[in-house]
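Student: All letters in the sequence shown, in the order written, are residues 1 to 349 by our numbering.
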Amino acid sequence: MAGCQKWKPVVVMLAVYFVMAVLNLLFKKVLNEGKSYLVIITYRLTSGAIFLTPVAYFCERRRGVNDELTPLILCYLFFSALIGATLTQYLFLLGMQCTSAAFASAFINMTPVFTFLLAIPLRQESVNFRSTRKIAKVLGSLICMGGAVVLIVYRGTPLNKTTYSKSPSYKSNVSSMIADIGSKQRWIRGSIFLVLSILCWSGWFLIQSRICKRFPCKYTSTALMSALGAVQSAILCFSINRNMSVWILNDKLQIFTVLSAGVFGSGLCYVAMSWCVEQRGPVFTSAFTPSIQIFIAIMDLAFFHEQIYLGSVIGSILIICGLYILLWGKSSESSRDNVIKPAEAVQCN
Numbered sequence: 001m002a003g004c005q006k007w008k009p010v011v012v013m014l015a016v017y018f019v020m021a022v023l024n025l026l027f028k029k030v031l032n033e034g035k036s037y038l039v040i041i042t043y044r045l046t047s048g049a050i051f052l053t054p055v056a057y058f059c060e061r062r063r064g065v066n067d068e069l070t071p072l073i074l075c076y077l078f079f080s081a082l083i084g085a086t087l088t089q090y091l092f093l094l095g096m097q098c099t100s101a102a103f104a105s106a107f108i109n110m111t112p113v114f115t116f117l118l119a120i121p122l123r124q125e126s127v128n129f130r131s132t133r134k135i136a137k138v139l140g141s142l143i144c145m146g147g148a149v150v151l152i153v154y155r156g157t158p159l160n161k162t163t164y165s166k167s168p169s170y171k172s173n174v175s176s177m178i179a180d181i182g183s184k185q186r187w188i189r190g191s192i193f194l195v196l197s198i199l200c201w202s203g204w205f206l207i208q209s210r211i212c213k214r215f216p217c218k219y220t221s222t223a224l225m226s227a228l229g230a231v232q233s234a235i236l237c238f239s240i241n242r243n244m245s246v247w248i249l250n251d252k253l254q255i256f257t258v259l260s261a262g263v264f265g266s267g268l269c270y271v272a273m274s275w276c277v278e279q280r281g282p283v284f285t286s287a288f289t290p291s292i293q294i295f296i297a298i299m300d301l302a303f304f305h306e307q308i309y310l311g312s313v314i315g316s317i318l319i320i321c322g323l324y325i326l327l328w329g330k331s332s333e334s335s336r337d338n339v340i341k342p343a344e345a346v347q348c349n
């Protein structure tokens, strides 16, 4: 039984990131059909809010939520929804449509790095080159940034390319060159959207840390954030396109995708990740982030026959290595702080 309890968080986290990988592939399929990004985001956040509202009521009804929900908290939740839900998902879907699901997932691994870099000027993280742990965090961040540069700038040769005709005509050569140039521009544009998306997501973590200190009801705050994000996405969608036909989901796959993303992605996966954070800590939970990229690469290659480029593989390896170096420095620092604080308490006593 003890062994089962030990491996339960590992199984839960692998299941969570497998579900997220499937959802990303479904989103890629729906986007290729020409559906509006903001419509998908609105429906996803709405279904997530509907699912989380009864969960928040039954789990946190005894904590006096109405007393703790001040105007300042509502303001924080508004910007949390704008940055973490609306803009993050919109930019991520734009970037994923211009590239691929496996490529977009590589940028998700950079979230802890960008969060660390943004936290330094806000004095939520410190840098001290005399400490091995601090050096590890900086080194891991630099390696991840180098991997991101490789992903954006260098594509390389396709590793699963198909065979071409040995004597193509001049006309086909010209058209293929034009298509390749357009593809590279689209790839770079998608990479920029993904970087902006991860920057917004990292900023959301910093805002969320302030919210958690003042309003610890995580289910209620997530349900409110989803509801506010749905309203913001709907307003943006109406301001861009007032045609009501874009709101009609005329395909079973589209309906299944938005409902699954709301219930599983914004609901059950969040609850499971919160449970893992409580059981094993945030470092353990973050360490499984690269698994989503592995799942997507396998399914992308098997079912959708997407091309995998050498630059994507090299950049992904650099990002994953840098991520684990950063997580090692962070976990070592946390364990050291946990040892020092009891020792200081004993000295004071």
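Where is the CB? At the ideal position from N, CA and C, for every residue including glycine.
Note that the structure is a prediction, hence the values are computed from the model and not measured.
Kindly say whether F264, judged by its beta-carbon, lies nearer than 9 Å to any beta-carbon of chain D.
Tutor: Given the protein chain composition of this structure (a single chain), no chain D is represented.
Student: From what residue to what residue does the alpha helix (DSSP H) around F288 run?
Tutor: Reading the sequence shown from its first residue, position 288 is the one you call residue 288. Counting along the chain, F288 falls outside any alpha helix (DSSP H), and DSSP gives it neither H nor E.
Student: State the CB to CB distance for the pair T88 and W201, rounded to an integer number of angstroms; the pair is presumed to be in contact (CB under 8 Å).
Tutor: The residue labelled residue 88 in the question sits at position 88 within the sequence shown. The residue labelled residue 201 in the question sits at position 201 within the sequence shown. Yes, they are in contact, since the Cβ atoms of T88 and W201 sit about 5 Å apart, within 8 Å.
Student: So L122 is in the alpha helix (DSSP H); what residue range does that whole segment cover?
Tutor: Within the sequence shown, the letter at position 122 stands for residue 122. Run containing L122: none; DSSP gives neither H nor E here.
Student: Based on the DSSP secondary-structure assignment, which residues constitute the bridge partners of Y309?
Tutor: The residue labelled residue 309 in the question sits at position 309 within the sequence shown. DSSP lists P158 as partners of Y309.
Student: Using the beta-carbon count (16 or more within 10 Å), is A302 buried or exposed?
Tutor: Residue numbering aside, residue 302 sits at position 302 when the sequence shown is read from its first letter. Exposed.
Student: CB F107 to CB L151, shorter than 9 Å?
Tutor: Translated into positions along the sequence shown, residue 107 becomes position 107. Translated into positions along the sequence shown, residue 151 becomes position 151. Result yes, Cβ atoms of F107 and L151 sit closer than 9 Å.
Student: When we look at the beta-carbon of Q232 and count the other beta-carbons within 10 Å, is it buried (16 or more) or exposed?
Tutor: Counted from its first residue, the sequence shown places residue 232 at position 232. Classification of Q232: buried, given that the 10 Å Cβ count is 16 or more.
Student: Does the Cβ-Cβ distance between L93 and I143 come in under 9 Å?
Tutor: Position 93 of the sequence shown, counted from the start, is the residue given in the question as residue 93. Position 143 of the sequence shown, counted from the start, is the residue given in the question as residue 143. No; because the gap between Cβ atoms is not below 9 Å, this pair is not in contact.
Student: Any idea if T70 is buried or exposed, counting beta-carbon neighbours within 10 angstroms, 16 or more meaning buried?
Tutor: Working through the sequence shown from its first residue, we reach residue 70 at position 70. Exposed is the call here.
Student: Using CA atoms only, rank isn't needed, just tell me which of C217, I50 and P9 is closest to S226.
Tutor: Along the sequence shown, read from residue 1 onward, the residue named residue 226 stands at position 226. Considering only alpha carbons, the answer is I50.
Student: Roughly how many angstroms separate the alpha carbons of A148 and G156, rounded to a whole number?
Tutor: The sequence position of residue 148 within the sequence shown is 148, counting from 1. The sequence position of residue 156 within the sequence shown is 156, counting from 1. A148 and G156: Cα-Cα distance of roughly 14 Å.
Student: My output table needs one value for T132: the three-state DSSP class, helix, strand or coil.
Tutor: What you label residue 132 is simply residue 132 of the sequence shown in a count that begins at 1. Correct three-state label for T132: helix.
Student: Is the region 196-210 touching the region 7-15, taking contact as three or more C-beta pairs under 8 Å?
Tutor: Not touching, per the Cβ criterion.
Student: Would you decide whether M244 is buried or exposed? Buried here means 16 or more other CB atoms lie within 10 Å of its CB.
Tutor: For the purposes of this step, residue 244 is taken as the residue at position 244 of the sequence shown. Its Cβ having fewer than 16 others within 10 Å, M244 is exposed.
Student: Among L117, I192 and L327, which one has its Cα closest to the Cα of L91?
Tutor: Translated into positions along the sequence shown, residue 91 becomes position 91. Among L117, I192 and L327, the Cα nearest to that of L91 is on I192.
Student: Measuring straight from C-alpha to C-alpha, what distance separates T257 and T289?
Tutor: Here the question's residue 257 lines up with position 257 in the sequence shown. Here the question's residue 289 lines up with position 289 in the sequence shown. Their Cα atoms are separated by approximately 22 Å.
Student: How many whole angstroms separate the CB atoms of T111 and A234, which I take to be in contact at a CB cut-off of 8 Å?
Tutor: Taking the sequence shown and counting its residues from 1, the one referred to as residue 111 is at position 111. Taking the sequence shown and counting its residues from 1, the one referred to as residue 234 is at position 234. At roughly 26 Å, the Cβ-Cβ gap does not stay under 8 Å, so T111 and A234 are not in contact.
Student: How many angstroms separate the CA atom of L38 from the CA atom of A56?
Tutor: The sequence position of residue 38 within the sequence shown is 38, counting from 1. The sequence position of residue 56 within the sequence shown is 56, counting from 1. About 26 Å.
Student: Helix, strand or coil: how does DSSP classify S183 here?
Tutor: Position 183 of the sequence shown, counted from the first residue, corresponds to residue 183. Reduced to three states, the DSSP call for S183 is helix.
Student: Cutting at 8 Å between CB atoms, please list the residues of its own chain near I317, excluding the five before and the five after it.
Tutor: Position 317 of the sequence shown, counted from the first residue, corresponds to residue 317. Counting only Cβ-Cβ distances below 8 Å, and skipping sequence neighbours, we find G147.
Student: Using CA coordinates, which residue listed in C217, L117, L72 and K134 is at the minimum distance from F58?
Tutor: Your numbering for residue 58 matches position 58 in the sequence shown. Ranking C217, L117, L72 and K134 by Cα distance to F58 puts C217 first.
Student: Between the alpha carbons of V113 and L74, how many angstroms are there, rounded?
Tutor: By 1-based counting over the sequence shown, the position of residue 113 is 113. By 1-based counting over the sequence shown, the position of residue 74 is 74. Using only the alpha carbons, I get a separation of about 28 Å.
Student: Over the uninterrupted alpha helix (DSSP H) stretch that includes I255, give me the two end residues.
Tutor: Reading the sequence shown from its first residue, position 255 is the one you call residue 255. Residues K252 to S260.
Student: Could you check where the alpha helix (DSSP H) with M96 kicks off and where it finishes?
Tutor: The residue labelled residue 96 in the question sits at position 96 within the sequence shown. First-last of the alpha helix (DSSP H) with M96: T88 to C98.
Student: Pick helix, strand or coil for S36, following the three-state DSSP scheme.
Tutor: Residue mapping note: residue 36 aligns to position 36 of the sequence shown, counting from 1. Note: S36 maps to coil in three-state DSSP.
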